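Numbering (our numbering), first residue to last: 73 to 376.
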């Protein structure tokens with residue numbers, strides 16, 4: 073499968089900002105995220121998006137939790153959505169999500185949503201109607217797997233390929249009965265081939281997370297070299313999806329946003345590790361170093 077792939081090593085620069093730029097030009101992101109017990113996922117993804125340069129971030133989440141997110145971070149706007157008794161978004165929420173997301177450039181779906189049956193159905197019903205550029209993570213991916221990936225054939229692609237960000241367990245759930253091979257931890261080449269297969273079949277960009285995260289659109293492949301074991305913590309994946317969504321907001325293509333987001337996310341983790349070591353670093357530490365990671369990348373790009 074390698075002979076017809078373009079191996080990417082050069083990452084794009086961040087777009088330069090003009091003096092008269094306003095927040096709308098930096099991009100507007102709508103996150104569908106969070107549920108009772110997983111409010112933090114929404115907070116992490118939305119703050120990571122802001123720290124990676126998105127101009128405006130709004131989070132749609134169960135109504136009783138919206139005030140919690142607003143209270144945690146005044147930089148983030150919220151939309152209260154219809155909810156289930158369990159504190160997850162209900163099957164009635166897609167219409168309000170679509171209305172509240174009008175004017176947004178990108179929609180991120182999945183962090184901390186839960187696998188409540190109503191929430192799964194809400195995601196499946198929502199995805200074909202989304203007109204924004206799409207990033208799908210976590211329970212958004214689990215909903216797709218529950219649907220045996222059929223919904224992927226009806227997602228709009230007029231704004232570019234959807235970006236899916238599975239960890240190995242989510243990747244196996246997405247593959248379902250199509251996969252009976254070795255563990256996805258067994259070597260970069262094997263993981264790359266699995267990601268390429270899925271990206272080609274469903275016409276998506278796959279970010280297969282892990283040691284040497286693989287990014288592919290089925291024709292190009294990037295294998296990331298940043299990051300460290302200290303990043304094996306809850307919430308770090310939510311940070312990544314927010315960072316990728318922010319770059320998509322700023323005009324980079326699907327593949328380019330995914331590659332650069334993975335690189336900056338890992339670099340931010342390396343900056344944290346250099347300061348405090350691997351043991352005690354947490355997801356919020358990585359968020360706060362995303363601006364420095366972006367600054368370093370931009371400086372390096374300008375030297376090249």
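Beta carbons are placed, not taken as given, at the ideal position from N, Cα and C, and that holds for glycine. Values in this document were obtained by computation on a predicted structure and should not be read as measured data.
Per DSSP, residue i is paired with what?
i	result
residue 288	278 and 293
residue 179	102 and 206
residue 79	293
residue 161	155
residue 235	207 and 277
In the DSSP assignment, the beta strand (DSSP E) including residue i goes from what residue to what residue?
i	result
residue 150	149-153
residue 130	128-134
residue 119	Looking at the DSSP string, residue 119 is not in any beta strand (DSSP E); the run it does join, the alpha helix (DSSP H), is 111-123.
Which same chain residues end up closer than 6 Å to residue i when comparing Cβ atoms and leaving out the 5 residues on each side of it in sequence?
i	result
residue 299	338 and 341
residue 142	150
For the putative contact between residue i and residue j, defined by C-beta atoms under 8 Å, what is the C-beta separation to the nearest angstrom?
i	j	result
residue 156	residue 366	38 Å between Cβ atoms; not a contact.
residue 102	residue 144	The pair is not a contact, with the Cβ atoms about 18 Å apart (cut-off 8 Å).
residue 237	residue 312	6 Å
residue 209	residue 96	So it is not a contact: roughly 24 Å between Cβ atoms.
residue 228	residue 202	7 Å
residue 354	residue 281	Not a contact, Cβ separation roughly 17 Å.
Might you give, ordered along the chain, the residues of its own chain that have their beta carbon closer than 7 Å to the beta carbon of residue i, omitting 5 neighbours on each side?
i	result
residue 246	213, 216, 217, 221, 238 and 270
residue 294	80, 287 and 331
Could you give the residue range of the alpha helix (DSSP H) that holds residue i?
i	result
residue 298	Careful: residue 298 lies outside any alpha helix (DSSP H) and carries neither H nor E.
residue 168	166-172
residue 367	355-375
residue 108	That residue, residue 108, is in no alpha helix (DSSP H); it is neither H nor E in DSSP.
residue 342	326-348
residue 242	240-247
residue 188	Residue 188 -> no alpha helix (DSSP H), and no H or E assigned at all.
residue 310	308-321
Given 8 Å, three or more beta-carbon pairs between the segment 75-85 and the segment 106-115: no
Segment contact flag, the segment 169-188 with the segment 268-278, C-beta cutoff 8 Å, min 3 pairs: no
Segment contact, 8 Å Cβ cut-off, at least three pairs: the segment 286-297 with the segment 195-203: no
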